[in-house]
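Residue numbers (the UniProt record's numbering): 1 to 198.
Following: one structure in structure tokens, then a few remarks.
Now the structure itself:
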């Protein structure tokens, strides 16, 4: 996350998106650094049969879509608002100037990219070789430890829908529902008022 004042000082402007609006599409040229001011954005792809795979979900303060800026490649996924959202956008040139002149922001960006690379590595292993229950727990634990601001011993409410869990793990919704019920019976998840807790 880059501080708001710093983004604005380097020429950031605000983009307002309604739920379901597309910010950019897979294959588009990367020209801007984006950071969520409010709302939520998902980055996704679709296979040949039209099944969605969610690469990740980004909430307030999260940046997204920046790796292609560094390597002059097109976006590898779509960016879609999953809630009404406000996004800060700053041109590639201004973004690089910001990083060159602010070592702390540059280090924060490096840490952020490393965390996301770690997540991709963990989830690639999970999706290719693990059972559904294991995949779901790994995803929930990642969000609990890396995304939320709660303590490890606190109860974490999973703010993902069953569909989003399926799309993030490469599973079918029916499999996610069955697996969550099984994990509840095993005492690994708690369901209260249709909400899942870990």
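Each residue gets a CB set at the ideal place from its N, CA and C atoms; glycine is no exception.
Only a predicted model underlies this, so the values are computations on that prediction, with no experimental measurement involved.
Opposing strand residues paired with residue i [DSSP bridges]
i: residue 157; result: 197
i: residue 16; result: 86
i: residue 191; result: 196
i: residue 103; result: Partner(s): none; residue 103 has no beta bridge.
i: residue 79; result: 24 and 43
Closest residue to residue i among the options (Cα-Cα distance)
i: residue 73; options: 138, 27, 198 and 175; result: 27
i: residue 62; options: 86, 160 and 70; result: 86
i: residue 161; options: 2, 118 and 173; result: 173
Opening and closing residue of the beta strand (DSSP E) in which residue i lies
i: residue 45; result: 41-46
i: residue 142; result: Counting along the chain, residue 142 falls outside any beta strand (DSSP E), though it belongs to the alpha helix (DSSP H) covering 132-142.
Contact check, residue i vs residue j, beta carbons under 8 Å
i: residue 189; j: residue 178; result: no
i: residue 136; j: residue 180; result: yes
i: residue 69; j: residue 92; result: yes
i: residue 90; j: residue 11; result: yes
N-terminal and C-terminal residue of the alpha helix (DSSP H) that residue i is part of
i: residue 35; result: Per DSSP, residue 35 belongs to no alpha helix (DSSP H); it is in the beta strand (DSSP E), 32-38.
The segment 37-55 contacting the segment 94-111, beta-carbon criterion three pairs below 8 Å: no
Does the structure place the segment 11-26 close enough to the segment 109-119 that three or more beta carbon pairs sit under 8 Å? no
When the Cβ atoms of the segment 127-135 are set against those of the segment 63-83, are three or more pairs found closer than 8 Å? no
With three or more beta-carbon pairs closer than 8 Å as the criterion, would you say the segment 134-151 touches the segment 29-42? no
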